[in-house]
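Residue numbers (full-length UniProt numbering), protein chains in the order written: chain A, 1 to 304; chain B, 1 to 451.
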């Protein structure tokens, strides 16, 4: 009985925190759209610099700055968030290839567009069935091939289900890239093009990226620690990506919060390439009953 | 009686002159050869400096083709290194006395190849500065660690095999070669560790070599099997084969035999050793190469027939690309010129003469190198999920000049190590075999096996 109580409590806590995160993210999104329409006006704004000077900057030059906060240290990052089992559900019937998840992920992980962590793949199961879009990240497998083959334990599985990389440990042998059947991993072949970030390194933010080491989607554990959703989830305008806790049995796409088990049961959720035995933590809902045509260029992705 | 003895004395000095001459006289040809190798090594060194400075971005490897010619070259060198165990263990344990003049050469090639393999794997690392993490943060579950362990074991055994068989000859050099530079005298004196052909020494030596010849066998099989597991333990359609271990090992023996034939020919010509490396050796090695190639052909059929018959999904696409796609010219060159035609030609005796078999072996070696390229790269380009949404450069793999320069400099290192070892020590075992046979007669310790 007591157990039940604590369960509902934690569920309520989760719903509350996730939804507040959703609101925060939604405001962020609104700000983002505002700042993106740079009007060529002569209006100037007076700003205070960090060294105490007042400067005037044309409004068209002002951009919202990303709040890059400090993530957990490599040692702390090996421990998962207690009592959590993160899980993701991707509803393929809703994905229109808006690519907002990719943009937001690239932005927060300081990635260039040629090697994103998230890919939206154009899939077609057979000749007769129609094509559909499949957003693909790291599947954070429960039986992860990458973790198995790593010679130095640079990539590891946490108690909360997340597979992370310690870029300060990685020797760059790329065995994990060969082992991953989902091609989820990217490599820092050269120095990061965007230059060096003045931040202490954290595996939870995967920042700053380190040359000669491997990287991938990390489920944004730094956001999760602040009770916020991973960046890609609120970024999606179509509510494709649901994220949540398997123990709580709830997932949310920022707009609606649903029971994980009910969602997977009702919509015939499946995991990609289940037969490989990797036990992914990312579920897919089949691309059925789509209310939109399959278009490569849409209003939503053309602007990006 | 006295005459016979005199004649024998004369023969021994002649023999000594023929077998030790090259360690004393330095020809212009030799100097030019060394200079040539050093130039290639320097170019490779510059390319590696660039790689250290800019990262692996200077290679053509990208997120899908994440392993390139460094890894295929690594597999090639591991394959070549098996030759040492083939000649000095398998043939020796089977009492094939004809192969005795080839043992030294094969052991030298094995040592050079395994050193190059170990180095090239470090070149492939994104963070060579963290090499020692492999020991500090070792995870025994990882096949890479198995490979590190087995390669270092094989390196030690190969070095011991080479050194022990050299020991009596180093002592011979110490005693016979008097007009040589001081450092050489010091080298022979130090390395010969007071060897004096004492019967006790010889007996112990014989036992140790026998133990080593047996130990090297499982390690040699393991080294290439474990290397094949680097591929077989991944979740990749092209490498998902239970046949991969024996396929790699048989290919390695074939490539190794071809390399030893190339080496034999070059040593025989340049060191004027026609009396010691005879046509009979080429004849026998030719037969051996046919046998090993047939075994490799068998495993090749096993490797490709099943997947090609079923054409399952991505595996089928991979096979189609090899058979008729962009890798087809290379694939058929490797299978025809590097495997089937050599078998066909070497069946006929005239082709087992030194020059023809030398040329055929060069093609076998070239095919063996390209085959490793075909094993590594096309499989990586056929993952389960389609390759989309990436930069154009991610779709192809055409090695950059830096990668070629580093690869060629690895060949140069390989040849340099061989050349220097041959220059320092007699390439044909002089004393050891004689001592061995005398001791065998005297001590009769292998009575049971010989009877």
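For each residue, glycine too, the CB sits at the ideal point set by N, CA and C.
Shorter than 8 Å from the beta carbon of residue i to some beta carbon of chain A?
{"i": "residue 77 of chain B", "result": "no"}
{"i": "residue 388 of chain B", "result": "yes"}
{"i": "residue 311 of chain B", "result": "no"}
{"i": "residue 229 of chain B", "result": "no"}
{"i": "residue 57 of chain B", "result": "yes"}
{"i": "residue 385 of chain B", "result": "yes"}
{"i": "residue 49 of chain B", "result": "no"}
{"i": "residue 66 of chain B", "result": "yes"}
{"i": "residue 397 of chain B", "result": "no"}
{"i": "residue 133 of chain B", "result": "yes"}
{"i": "residue 62 of chain B", "result": "yes"}
{"i": "residue 127 of chain B", "result": "yes"}
Checking contacts by CB at 8 Å: is residue i closer than that to chain B?
{"i": "residue 311 of chain A", "result": "As displayed, chain A neither begins before 1 nor continues past 304, which places residue 311 of chain A out of reach and without an answer."}
{"i": "residue 215 of chain A", "result": "no"}
{"i": "residue 171 of chain A", "result": "yes"}
{"i": "residue 183 of chain A", "result": "yes"}
{"i": "residue 133 of chain A", "result": "no"}
{"i": "residue 294 of chain A", "result": "no"}
{"i": "residue 186 of chain A", "result": "yes"}
{"i": "residue 85 of chain A", "result": "no"}
{"i": "residue 211 of chain A", "result": "yes"}
{"i": "residue 225 of chain A", "result": "no"}
{"i": "residue 208 of chain A", "result": "no"}
{"i": "residue 92 of chain A", "result": "no"}
Whose Cβ in chain A lies nearer than 8 Å to the Cβ of residue i?
{"i": "residue 145 of chain B", "result": "151"}
At the level of alpha carbons, what is the spacing between residue i and residue j?
{"i": "residue 155 of chain A", "j": "residue 145 of chain B", "result": "15 Å"}
{"i": "residue 73 of chain B", "j": "residue 117 of chain B", "result": "8 Å"}
{"i": "residue 115 of chain A", "j": "residue 390 of chain B", "result": "6 Å"}
{"i": "residue 250 of chain B", "j": "residue 57 of chain B", "result": "35 Å"}
{"i": "residue 315 of chain B", "j": "residue 238 of chain B", "result": "6 Å"}
{"i": "residue 28 of chain A", "j": "residue 84 of chain A", "result": "Because the pLDDT of residue 28 of chain A is 42, which lies under 50, any placement of that residue in the model is unreliable, and the question is left without a value."}
{"i": "residue 113 of chain A", "j": "residue 317 of chain B", "result": "28 Å"}
{"i": "residue 170 of chain B", "j": "residue 210 of chain B", "result": "20 Å"}
{"i": "residue 162 of chain B", "j": "residue 110 of chain B", "result": "9 Å"}
{"i": "residue 112 of chain B", "j": "residue 408 of chain B", "result": "15 Å"}
{"i": "residue 262 of chain B", "j": "residue 247 of chain B", "result": "23 Å"}
{"i": "residue 263 of chain A", "j": "residue 91 of chain A", "result": "10 Å"}
{"i": "residue 43 of chain A", "j": "residue 59 of chain A", "result": "6 Å"}
{"i": "residue 283 of chain A", "j": "residue 313 of chain B", "result": "22 Å"}
{"i": "residue 475 of chain B", "j": "residue 270 of chain B", "result": "Because chain B in this structure spans residues 1 to 451, residue 475 of chain B falls outside the shown range and cannot be described."}
Looking at the structure shown, is residue i part of a helix, part of a strand, or coil, going by DSSP?
{"i": "residue 147 of chain B", "result": "helix"}
{"i": "residue 106 of chain A", "result": "helix"}
{"i": "residue 31 of chain A", "result": "Its pLDDT being 43, under 50, residue 31 of chain A is placed unreliably in this model, and the coordinates cannot settle the point."}
{"i": "residue 73 of chain A", "result": "coil"}
{"i": "residue 21 of chain A", "result": "Note that residue 21 of chain A scores a pLDDT of 45, beneath 50, so its modelled location is shaky and nothing firm can be said."}
{"i": "residue 79 of chain A", "result": "coil"}
{"i": "residue 259 of chain A", "result": "strand"}
{"i": "residue 350 of chain B", "result": "helix"}
{"i": "residue 138 of chain B", "result": "coil"}
{"i": "residue 56 of chain A", "result": "strand"}
{"i": "residue 313 of chain A", "result": "Residue 313 of chain A lies beyond the residue range present for chain A, which begins at 1 and ends at 304; the question has no answer from this structure."}
{"i": "residue 385 of chain B", "result": "coil"}
{"i": "residue 228 of chain A", "result": "coil"}
{"i": "residue 87 of chain A", "result": "strand"}
Can you pull the chain A neighbours of residue i, defined as C-beta to C-beta under 7 Å?
{"i": "residue 233 of chain B", "result": "149"}
{"i": "residue 137 of chain B", "result": "152, 153 and 169"}
{"i": "residue 378 of chain B", "result": "Per Cβ cutoff of 7 Å: no residues; residue 378 of chain B is ~13 Å from chain A at best."}
{"i": "residue 141 of chain B", "result": "148"}
{"i": "residue 54 of chain B", "result": "190"}
{"i": "residue 130 of chain B", "result": "171"}
Name, please, each residue of chain B whose Cβ falls closer than 7 Å to the Cβ of residue i.
{"i": "residue 122 of chain A", "result": "388"}
{"i": "residue 281 of chain A", "result": "Within 7 Å Cβ-Cβ: nothing; residue 281 of chain A doesn't reach chain B, min ~17 Å."}
{"i": "residue 232 of chain A", "result": "The contacting residues do not exist; residue 232 of chain A stays about 15 Å from chain B at best."}
{"i": "residue 136 of chain A", "result": "385"}
{"i": "residue 179 of chain A", "result": "234 and 235"}
{"i": "residue 203 of chain A", "result": "Neighbours of residue 203 of chain A on chain B: none; closest Cβ ~15 Å, over 7 Å."}
Just to make sure I have the definition right: I need the residues of chain B whose C-beta is within less than 8 Å of the C-beta of residue i. Which are they?
{"i": "residue 75 of chain A", "result": "None at all; the shortest Cβ gap to chain B is about 13 Å."}
Compare the C-beta of residue i against all C-beta atoms of chain C and say whether one is closer than 8 Å.
{"i": "residue 119 of chain A", "result": "This model lacks chain C altogether, as its protein chains are A and B."}
**Prompt:** Are there three or more Cβ pairs, one per stretch, closer than 8 Å when the region 218 to 226 of chain B is compared with the region 144 to 162 of chain B?
**Reply:** Flag = yes, the region 218 to 226 of chain B and the region 144 to 162 of chain B touch.
- Stretch pair the region 205 to 222 of chain A + the region 130 to 150 of chain A: three plus CB contacts closer than 8 Å: Yes: the two stretches touch, three or more of their Cβ pairs being nearer than 8 Å.
- Task: Check whether the region 93 to 103 of chain A touches the region 226 to 241 of chain A, counting contact only when three or more Cβ pairs, one atom from each stretch, lie closer than 8 Å.
- Result: A contact is defined here as three or more CB-CB pairs under 8 Å, and the region 93 to 103 of chain A meets this definition with respect to the region 226 to 241 of chain A.
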